[in-house]
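A.B. asks: Before we start, here is the structure in question, set down as structure tokens.
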Amino acid sequence: MSMQIQLDGGEFRAVTVVRRPESSLVAFDDNDVRVVVSDGAVTIDGVTEPIWTASGGDDVYVHAFGRSWVVTVVDPAQRAAQESAGGGNAITAHMPGTAVSIAVAPGDQVNAGQTLMVIESMKMETPILAGRDGVVDKVHCAMGDSFDRGALLVSLIETENEE
Amino acid sequence: MTGSPHLPDKVLVANRGEIAVRIITTLQRLGIGSVAVYHAVDAGSRAVELADEAVELPGNPPVSAYLNVEAIIDACHRSGAKAIHPGFGFLSERASFAEAVRDAGLIFVGPGTDAIRAMGDKIESKVLAARAGVPTVPGSTGAVDSVDAAIAVGEEIGYPLLLKASAGGGGKGMRVVNTADECREAFERATSEARSAFGDGRLLIERYIGRPRHIEVQVLGDHHGNVIHLGERECSIQRRFQKVIEEAPSPAVDDDLRAEIGARAVALAQAVGYYSAGTVEMILDENRNAYFLEMNTRLQVEHPVTEAVTGIDIVEEQLKIAVGESLSIAQADVKIRGSAIECRIYAEDADAGFLPATGRLHVVRFPSGDGVRVDHGVTEGHDITSAFDPMIAKVITHAPTRREAINRMHAVLNETVLLGTTTNREYLARVVATTAFGDGQLHTGFLDEHADELVRPNPTRSQENFVLAVGALHSSRFDRRHQLLEPHAGMAGWTSA
């Protein structure tokens, strides 16, 4: 299975993973990287480095070499769908933030472009807009809640045979 | 007071975050009961967990809970606490709060209301400082209320000038102007900033001193007129007029200068009948002339470096003073041992103009060991929001020499793991690693002056490949059903390797 991978917001590139008991193989671009994980440390090409990671959603946070990194791994099919449509059922956060106001409730009829909620991120307020006309299924966060990038904020009721 | 006064058996901490934890730690060591107050968003915080009791306060926005005088005094009565420690920020320098606490028959762990009031006003405090023999930077003798008056001050004392809010702090409403034209332009904006930040648009104007060091003297006074100083701290490493790295002693202060500025700080404290812990802030010019800036009538964020080099627990002293005990330490007993440095870790993007960052802290690991102290109030899963100050932790190192304290700090910052939000941790490590910092060539423009040196270096290709491979292996995007490698147990969907 091929995914797309990105380091600290850089370019996306294709990546594959093959797991084996003694070591795993990660391939991206023209790199074949053999990785041995043991006891909180990772060895690659003879270099062993203690690491910390936290992963969930699309992001993996990594502490290594005294630095903090964010690796983002996305499914290319999903990414394409999200980018082209903007009209999916799920409205997700494109950056970490805090919900400062919520404008809709389950059952509300909304129109494309309508503000569903306002989030605050990096001291800036950003409205979250409906990508299509529809009916709100669920609001997944309450006022004051914080969330990560990629978190589900609002879902719309599934509609059949759009377009 | 006669006889031997007793410490209260229960104290309420009217604050949150790391400083609430720090105060509770001393209360526990002294066998004193602790009561935390908190807003619902802080319900899972370390301070609430550590305290013997915790009282929830209402408030929207959340910050208002910690400013609610009536609710805090009520919580004190209901919990049976006899004293309130205000920490810093929030209500700590509000004379009306100290007064309300005392009127309610409770002990306010802090200075007298008159001293808070006198020092809280930058104009009055300058007059008092001058009267006590503490020189101030040449400038306007009072508030300047018009552009024309500001320009007249410029003609009298010369440019560059600093415009600053009379009622403020934290850099809000501050501007440097080099000419009369710049002064004219900046005056209105500084006035309106001051008005919106502090509800008081009055401005002070003074001579701007180039490459100044920020030096401050810690004082302790009791109810019996005894005042001593605990030496100085240097807090010259600032961004946007806010401190990020502090140390004690200052590399620019020798024993003679320490005795001189210490005596001045003590004289000022005595002039206002000061008791409890307080700090006299000064700037030091390149010829080592010290000028009075302001007096902070509370515990300071950076008090731990003084505690490290003197071995004195300042919160404990505040508590003893508050119940009327005489100072148990004489000036001659105060010895400065070694060197201590503090770095403030903020949730912010140092590489993007120090923009505040938010997010959830998924992994939190602080090193420990000899000469390492970490004051923090966070736990894993903790949300960093824009509701409060973005400081996550203070890391303090102490060693026999400044060089060793710096090396230790560099190692500790590299080993500190905070995953889930952007922090200035790496930036701080780069600052302490510069030659100029190592040489003690500090001034308040240090970070701007060395900006080029402090840019995040590009990682090597092999580091990038390493991290990409680690990220791919730990991503939940790959199907893990057939995974043979599951090195670590998950925590609610998050794994730590």
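These protein sequence lines map, in sequence, to chains A and B.
Read left to right, the first sequence gives residues 73 to 235 (the numbering used here).
Read left to right, the second sequence gives residues 1364 to 1860 (the numbering used here).
Ideal Cβ positions, reconstructed from N, Cα and C, are used throughout, including at glycine.
On a predicted model such as this, the values are computed, not experimentally measured, just so you know.
1. I'd like the ranges of any beta strand (DSSP E) spanning at least 3 consecutive residues and lying wholly in the region 1576–1612 of chain B.
2. Mind the definition here: the region 1534–1551 of chain B touches the region 1507–1522 of chain B only if three or more C-beta pairs lie below 8 Å; say whether that holds.
3. Anyone know if the C-beta pair for leucine 224 of chain A and alanine 162 of chain A falls short of 8 Å?
4. Residues in the same chain with beta-carbon distance under 6 Å from glycine 1862 of chain B, minus the five sequence neighbours each way, listed in chain order, please.
5. If we count the other Cβ atoms within 10 Å of its Cβ and call it buried at 16 or more, is alanine 157 of chain A buried or exposed?
6. Output, in sequence order along the chain, the residues in the region 133–150 of chain A whose CB is closer than 9 Å to any CB in chain B.
7. Here's the rule I'm using: 16 or more other beta-carbon atoms within 10 Å means buried, otherwise exposed. How should lysine 1489 of chain B be labelled?
8. Please check the pair threonine 1499 of chain B and alanine 1506 of chain B, which I expect to be a contact at CB under 8 Å, by giving their CB distance rounded to whole angstroms.
9. In the DSSP assignment, find the beta strand (DSSP E) that holds asparagine 103 of chain A and state where it starts and stops.
10. How about leucine 1817 of chain B: is its C-beta nearer than 8 Å to some C-beta of chain A?
11. Is there at least one Cβ from chain A nearer than 8 Å to glutamine 1826 of chain B's Cβ?
12. Would you report the Cα separation of alanine 1495 of chain B and valine 1635 of chain B, rounded to the nearest angstrom?
13. Closer than 8 Å is the cut-off here; do at least three beta carbon pairs connect the region 1645–1665 of chain B with the region 1591–1606 of chain B?
14. Excluding the five sequence neighbours on either side, which residues of its own chain have a C-beta within less than 8 Å of the C-beta of phenylalanine 137 of chain A, listed in chain order?
15. Among residues of its own chain, excluding the 5 on either side of glycine 129 of chain A, which ones have a beta-carbon nearer than 8 Å to its beta-carbon?
16. Use the C-beta contact count for lysine 1698 of chain B: other C-beta atoms within 10 angstroms, 16 or more gives buried, fewer gives exposed.
17. Are the region 1733–1742 of chain B and the region 1796–1812 of chain B in contact at 8 Å, needing three or more beta carbon pairs?
18. DSSP on proline 122 of chain A, reduced to helix/strand/coil?
19. Taking 8 Å as the cut-off, decide whether the C-beta atoms of glycine 216 of chain A and valine 1404 of chain B are in contact.
20. Check whether the Cβ atoms of glutamate 1705 of chain B and threonine 1642 of chain B sit closer than 8 Å, and answer yes or no.
21. Candidates A:His212, A:Ala126, A:Ser140 and A:Asp209: which alpha carbon is nearest serine 1838 of chain B's?
22. What residue from B:Pro1822, B:Ala1796 and B:Ser1825 has the CA that sits closest to glutamate 1816 of chain B's CA?
23. Quick one: Cα of arginine 1379 of chain B to Cα of arginine 91 of chain A, how far?
24. Kindly list the residues whose CB is nearer than 6 Å to the CB of valine 108 of chain A, restricted to its own chain and excluding five residues on each side of it in sequence; keep chain order.
25. Tell me the DSSP bridge mates of glycine 206 of chain A?
26. Round the Cβ separation of valine 1775 of chain B and arginine 1627 of chain B to the nearest angstrom and send it over; I've been treating them as touching at under 8 Å.
27. From the beta carbon of valine 1795 of chain B, is the nearest beta carbon of chain A less than 8 Å away?
28. One question on the structure: do leucine 79 of chain A and valine 143 of chain A come within less than 8 Å of each other, judged by their Cβ atoms?
29. Just the chain A side, please: which residues come within less than 8 Å of glutamate 1789 of chain B by C-beta, in chain order?
30. Any idea what DSSP makes of serine 1749 of chain B, helix, strand or coil?
31. Hey, is serine 1749 of chain B's beta-carbon within less than 8 Å of any beta-carbon in chain A?
32. Measuring from the CB of threonine 1721 of chain B, is there a heavy atom of the ligand MN at a distance below 7 Å?
33. Does the region 1720–1740 of chain B come within contact of the region 1774–1789 of chain B, defined as at least 3 CB pairs closer than 8 Å?
34. Would you say glycine 1834 of chain B reaches chain A, if we count a Cβ-Cβ gap shorter than 8 Å as a contact?
35. Would you say alanine 1756 of chain B lies against chain A (beta-carbon separation less than 8 Å)?
36. Cutting at 8 Å between CB atoms, please list the residues of its own chain near valine 1818 of chain B, excluding the five before and the five after it.
C.D. replies: Taking the structure as given:
1. 1576–1584, 1590–1602 and 1605–1611
2. yes
3. The count along the first sequence starts at 1 and reaches residue 224 of chain A at position 152. The count along the first sequence starts at 1 and reaches residue 162 of chain A at position 90. Cβ atoms of leucine 224 of chain A and alanine 162 of chain A: closer than 8 Å.
4. Since the displayed chain B opens at 1364 and closes at 1860, residue 1862 of chain B lies outside it and no answer follows.
5. For this step, residue 157 of chain A is matched to residue 85 along the first sequence. With a pLDDT of only 48 at alanine 157 of chain A, under 50, the local geometry of the prediction cannot be trusted, and no value is derived from it.
6. Tyr133, Val134, His135, Ala136, Phe137, Gly138, Arg139, Ser140, Trp141, Val142, Val143, Thr144, Val145, Val146 and Asp147
7. Residue 1489 of chain B sits at position 126 when you count from the first residue of the second sequence. Classification of lysine 1489 of chain B: buried, given that the 10 Å Cβ count is 16 or more.
8. Residue mapping note: residue 1499 of chain B aligns to position 136 of the second sequence, counting from 1. Residue mapping note: residue 1506 of chain B aligns to position 143 of the second sequence, counting from 1. About 15 Å separates the two Cβ atoms, so there is no contact after all.
9. Residue mapping note: residue 103 of chain A aligns to position 31 of the first sequence, counting from 1. Run containing asparagine 103 of chain A: 103–110, per the beta strand (DSSP E) assignment.
10. Locating residue 1817 of chain B in the second sequence gives position 454, counting from the first residue. Judged by the 8 Å Cβ criterion, leucine 1817 of chain B is not in contact with chain A.
11. Along the second sequence, one-based indexing puts residue 1826 of chain B at 463. True, the Cβ-Cβ gap to chain A drops below 8 Å.
12. Within the second sequence, numbered from 1, the residue matching residue 1495 of chain B stands at position 132. Within the second sequence, numbered from 1, the residue matching residue 1635 of chain B stands at position 272. Approximately 9 Å between the Cα atoms of the pair.
13. yes
14. For the purposes of this step, residue 137 of chain A is taken as the residue at position 65 of the first sequence. Excluding sequence neighbours, phenylalanine 137 of chain A sits near Glu121.
15. In the first sequence, counting from the first residue as 1, residue 129 of chain A sits at position 57. For glycine 129 of chain A, where only same-chain residues beyond five positions count, the Cβ hits under 8 Å are Asp220, Arg221, Gly222 and Ala223.
16. If you number the second sequence from 1, residue 1698 of chain B lands on position 335. Counting Cβ neighbours within 10 Å, lysine 1698 of chain B comes out exposed, since fewer than 16 surround it.
17. no
18. Locating residue 122 of chain A in the first sequence gives position 50, where the first residue counts as 1. Reduced to three states, the DSSP call for proline 122 of chain A is strand.
19. Residue numbering aside, residue 216 of chain A sits at position 144 when the first sequence is read from its first letter. Residue numbering aside, residue 1404 of chain B sits at position 41 when the second sequence is read from its first letter. Yes; because the gap between Cβ atoms is below 8 Å, this pair is in contact.
20. Counting from 1 along the second sequence, the entry for residue 1705 of chain B is found at position 342. Counting from 1 along the second sequence, the entry for residue 1642 of chain B is found at position 279. The answer is no: Cβ separation not under 8 Å.
21. The residue labelled residue 1838 of chain B in the question sits at position 475 within the second sequence. It is A:Ala126 whose Cα lies nearest to the Cα of serine 1838 of chain B.
22. For the purposes of this step, residue 1816 of chain B is taken as residue 453 along the second sequence, with counting starting at 1. Of the listed residues, the one whose Cα sits closest to glutamate 1816 of chain B is B:Ala1796.
23. Within the second sequence, numbered from 1, the residue matching residue 1379 of chain B stands at position 16. Within the first sequence, numbered from 1, the residue matching residue 91 of chain A stands at position 19. So the two alpha carbons sit approximately 46 Å from each other.
24. Mapped onto the first sequence, residue 108 of chain A falls at position 36. Around valine 108 of chain A: Ser95 and Thr115.
25. By 1-based counting over the first sequence, the position of residue 206 of chain A is 134. DSSP output for glycine 206 of chain A lists A:Val182 as bridge partner(s).
26. Residue numbering aside, residue 1775 of chain B sits at position 412 when the second sequence is read from its first letter. Residue numbering aside, residue 1627 of chain B sits at position 264 when the second sequence is read from its first letter. In fact, because the Cβ distance is near 34 Å, the residues do not count as touching under 8 Å.
27. Here residue 1795 of chain B is taken as the residue at index 432 of the second sequence, counted from 1. No, no contact with chain A.
28. One-based indexing of the first sequence puts residue 79 of chain A at position 7. One-based indexing of the first sequence puts residue 143 of chain A at position 71. Cβ distance < 8 Å, so leucine 79 of chain A and valine 143 of chain A count as in contact.
29. For the purposes of this step, residue 1789 of chain B is taken as residue 426 along the second sequence, with counting starting at 1. Going along chain A in sequence order, the residues near glutamate 1789 of chain B (Cβ under 8 Å) are Gly138, Arg139 and Ser140.
30. Taking the first residue of the second sequence as position 1, residue 1749 of chain B is located at position 386. The answer is coil: DSSP assigns serine 1749 of chain B none of H, G, I, E or B.
31. The sequence position of residue 1749 of chain B within the second sequence is 386, counting from 1. It does: the Cβ of serine 1749 of chain B has a partner Cβ on chain A nearer than 8 Å.
32. No copy of the ligand MN occurs in the structure displayed, which carries no ligand at all.
33. yes
34. Translated into the one-based positions of the second sequence, residue 1834 of chain B becomes position 471. Yes, its Cβ sits closer than 8 Å to a Cβ of chain A.
35. In the second sequence, the residue the question calls residue 1756 of chain B occupies position 393. With 8 Å as the cut-off, alanine 1756 of chain B does not count as an interface residue toward chain A.
36. As a first step, residue 1818 of chain B is located in the second sequence; it is residue number 455 there, counting from the start. Cβ within range, chain order: Asp1714.
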